[in-house]
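Protein chains in written order, with our numbering: chain H, 1 to 379; chain P, 380 to 557.
1. Going by CA-CA distance only, name the one from P:530, P:433 and P:498 that's closest to residue 458 of chain P.
2. With a threshold of 7 angstroms between beta carbons, is residue 441 of chain P in contact with chain H?
3. Could you tell me whether any Cβ in chain H is nearer than 7 angstroms to the Cβ of residue 478 of chain P?
4. Quick one, which of H:359, H:26 and H:68 has its alpha-carbon nearest residue 296 of chain H's?
5. Considering only DSSP beta bridges, list what residue 71 of chain H is partnered with.
6. Is it the case that the Cβ atoms of residue 436 of chain P and residue 456 of chain P are separated by a distance below 7 angstroms?
7. Under a three-way DSSP split, which group does residue 517 of chain P fall into?
8. Counting only runs that start and end within the stretch 73-134 of chain H, where is the beta strand (DSSP E) found for 3 or more residues in a row?
9. Using 7 angstroms as the threshold, is the C-beta distance between residue 306 of chain H and residue 244 of chain H below it?
10. In angstroms with no decimal places, state the Cα-to-Cα distance between residue 127 of chain H and residue 216 of chain H.
11. Using three-state DSSP, classify residue 427 of chain P as helix, strand or coil.
12. Please list the partners that residue 525 of chain P has in chain H, where partner means a Cβ-to-Cβ separation under 9 angstroms.
13. Rounded to whole angstroms, how far is the Cβ of residue 206 of chain H from the Cβ of residue 372 of chain H, which I believe are closer than 8 angstroms?
14. Using only alpha-carbon positions, find the residue among H:108, H:151 and H:133 that is nearest to residue 141 of chain H.
15. With 7 angstroms as the C-beta to C-beta threshold (strictly closer), list the residues of the stretch 498-525 of chain P near chain H in chain order.
16. Can you give me the start and stop residues for the alpha helix (DSSP H) that residue 309 of chain H sits inside?
17. Look up residue 57 of chain H in the DSSP assignment and give the residues it is bridged to.
18. Relative to the alpha-carbon of residue 116 of chain H, which residue among H:190, H:74 and H:238 has its alpha-carbon at the smallest distance?
19. Compile a chain-ordered list of the residues in the stretch 315-332 of chain H whose CB is closer than 9 angstroms to at least one CB of chain P.
20. For the alpha helix (DSSP H) holding residue 277 of chain H, just list the boundary residues, first then last.
21. Examine chain H for any beta-carbon lying closer than 7 angstroms to the beta-carbon of residue 464 of chain P, and answer yes or no.
22. Can you name the residues of chain H whose CB is closer than 7 angstroms to the CB of residue 429 of chain P?
23. Evaluate residue 375 of chain H with the Cβ neighbour count: other Cβ atoms within 10 Å of its Cβ, from every protein chain shown; 16 or more gives buried, anything less gives exposed.
24. Only counting the same chain, and skipping five residues up and downstream in sequence, which positions put a Cβ closer than 8 angstroms to that of residue 555 of chain P?
25. Given that residue 350 of chain H touches chain P, what residues does it touch there, using C-beta distances under 7 angstroms?
26. Quick one: what's got a C-beta closer than 7 angstroms to residue 274 of chain H's C-beta in the same chain, skipping five residues either side?
27. Count the other CB atoms within 10 Å of the CB of residue 102 of chain H; is the residue buried (16 or more) or exposed (fewer)?
28. Using DSSP bridges, identify the partner residues of residue 41 of chain H.
29. Out of H:238, H:178, H:212 and H:195, state which residue places its alpha-carbon closest to the alpha-carbon of residue 220 of chain H.
30. Quick check on DSSP: helix, strand or coil for residue 282 of chain H?
31. Is it the case that the Cβ atoms of residue 201 of chain H and residue 195 of chain H are separated by a distance below 7 angstroms?
32. The beta strand (DSSP E) that contains residue 213 of chain H, what's its start and end?
33. For the stretch 529-550 of chain P, list every residue whose C-beta sits within 7 angstroms of some C-beta in chain H, in sequence order.
34. Could you tell me which chain C residues have their CB closer than 8 angstroms to the CB of residue 158 of chain H, listed as they occur along the chain?
35. Below 8 angstroms, how does it come out for the stretch 344-352 of chain H and the stretch 300-319 of chain H: are there three or more Cβ pairs, yes or no?
36. Under 8 angstroms by Cβ, that's how I've got residue 133 of chain H and residue 57 of chain H pegged, so tell me the actual separation to the nearest angstrom.
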């Protein structure tokens, strides 16, 4: 892979959002596009008097997963619950964000931006889908966490009918910040990293299909969860079935950060958080040049960060007291036990390194593979 | 879309799948403790023997995400300046440990570590550290930022430093690149 600007994925042009939900909180559906196993429906809605937003998810019974992306112009939004066709809650934020909880299921519950994304089911053990109208209930809140009514919310409901949860394809759109696409050293390093990434994800049955895009993004990437997504206006040819990975030199304000995922999970459509960001500089080490082992680690970095984007949490946080919600990643309680039991896992919070060597870190458990394959963008 | 040269690269990468070492000699140690031994031709590469506190700093800086707080890292050691310098100069892996150590030094211990920071600005083998510091110029006190920028512009990294200095917000620092 070198500096070529590859042809962009082609999807049918989507109708621009024109309707607005009514004052009673009823949604307006604006467009529906089906591409193979993926159906994308766009609509809009106003939050009701209690600050709730009820996004309908109409299922035929053939779907295996859905993703709902809800975004506002300038109001925080987060997921409160998902209700099945009978109106019964299948998941509620209170079960996961409380003082007793030590596990993370989805970042959709977190209030951190003007968009919220949920993929369901998250795990193979979660309530599977059935025909009827499901509901994703979001809340719109201000900076003081007070509910806000009459907030205009754009939503996108995506469903997939691909029943093969043992294998799939994830499309990744690699966006180069300005000038980086002409640097042969970076091109070669990233090409090698993509090989390592592909190798790791192959164990989950996932093939990564890459496209590349040049851009005029400042290499000092400005990542702001409440700012307009840098690509929002131009979108660099993004489609509704791909994941965006932006490569820059540094990440603004957190320059020691080597990579950042826009969500757990992240969305397939354009929002302020619709990308994974990677800093080449932080990954190139002291001399700023990519050695062979740094290329391998860059590949693991990419696989790790986009793994977050597909919904994977760290099996254990570096505090050794908070965990993912999967049964087959042990809940260890000390660094020695965690490193011993989970240190080779792709999603472990840090690589096991001496000053000169790191252990390969690419393992995925059965439950982690299931999360990845249930991601609606894994087709 | 599959990349056309994946197979070739895959074979290449398999040849060093377990990682490797940098071939360049390691700089002289900042302190007698944990001194690396210089490589001897035909022998394995340098061995780094960090002290307990240096190892703790290195481990803290190795976390993938979220990025560790520099104050928390400095609190791990009674000698944060010496230990951060050691990690910045000697930690090949993971690559972000050294660049993060340099950043923590500049932001938290800039005056105490000034000589080392300035030295990196003129050292091609520390280009990654230098570029990281250039990205932080607006976060540093102006006198230190000026000295670092001047050192970069006077040395072998000038061509790479100039466009980066030209983008900083501080007008006095930015003027150095014009």
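Just so it is clear, CB atoms sit at the ideal spot from N, CA and C, and this is done for glycine as well. As the structure is a computational prediction, the values presented were derived from the model and not from experiment.
In brief:
1. Of the candidates P:530, P:433 and P:498, the residue whose Cα lies closest to the Cα of residue 458 of chain P is P:433.
2. With its beta carbon less than 7 angstroms from one in chain H, residue 441 of chain P belongs to the interface.
3. At least one chain H Cβ lies under 7 angstroms of residue 478 of chain P.
4. The option with the nearest alpha carbon to residue 296 of chain H is H:359.
5. Residue pairing by DSSP puts residue 71 of chain H in a beta bridge opposite H:115 and H:154.
6. Yes. Within cutoff.
7. The three-state reading of DSSP puts residue 517 of chain P in helix, counting H, G and I together.
8. Whole beta strand (DSSP E) segments, 3+ residues: 76-83, 89-92 and 115-120.
9. In this structure, residue 244 of chain H does not lie closer than 7 angstroms to residue 306 of chain H by Cβ.
10. Counting only the Cα atoms, residue 216 of chain H lies some 43 angstroms from residue 127 of chain H.
11. For residue 427 of chain P, the three-state secondary structure derived from DSSP is coil.
12. Contact note: residue 525 of chain P does not reach chain H at a C-beta cutoff of 9 angstroms; the least C-beta distance is about 20 angstroms.
13. Rounded to the nearest angstrom, the Cβ distance from residue 206 of chain H to residue 372 of chain H is 6 angstroms, consistent with a contact under 8 angstroms.
14. When only C-alpha atoms are compared, the closest one is H:151.
15. Answer in chain order: 504, 505, 506, 507, 508, 510, 511, 514 and 515.
16. Following the DSSP letters along the chain, one finds residue 309 of chain H inside the alpha helix (DSSP H) bounded by residues 292-309.
17. Per DSSP, H:134.
18. Comparing Cα-Cα distances from residue 116 of chain H to each of H:190, H:74 and H:238, the minimum goes to H:74.
19. Answer set for the stretch 315-332 of chain H: 318.
20. First-last for residue 277 of chain H: 276-279, but that is the beta strand (DSSP E), not the alpha helix (DSSP H).
21. Closer than 7 angstroms: no.
22. Correct list: 355.
23. Buried: at least 16 other Cβ atoms inside 10 Å.
24. Result list for residue 555 of chain P: 525, 528, 529, 532 and 544, in chain order.
25. Under the 7 angstroms cutoff, chain P gives 441, 442 and 443.
26. Within the same chain, residue 274 of chain H has close Cβ partners 229, 244, 262, 266 and 267.
27. Under this definition residue 102 of chain H is an exposed residue.
28. In DSSP, residue 41 of chain H forms a bridge with H:32 and H:157.
29. Minimum Cα distance to residue 220 of chain H is reached at H:178.
30. For residue 282 of chain H, the three-state secondary structure derived from DSSP is helix.
31. No.
32. DSSP places residue 213 of chain H inside the beta strand (DSSP E), whose first and last residues are 206-214.
33. Of all residues in the stretch 529-550 of chain P, none has a Cβ within less than 7 angstroms of some Cβ in chain H.
34. This model lacks chain C altogether, as its protein chains are H and P.
35. At 8 angstroms Cβ cutoff, the stretches touch.
36. Between residue 57 of chain H and residue 133 of chain H the Cβ distance is about 7 angstroms, and since that is below 8 angstroms, they are a contact.
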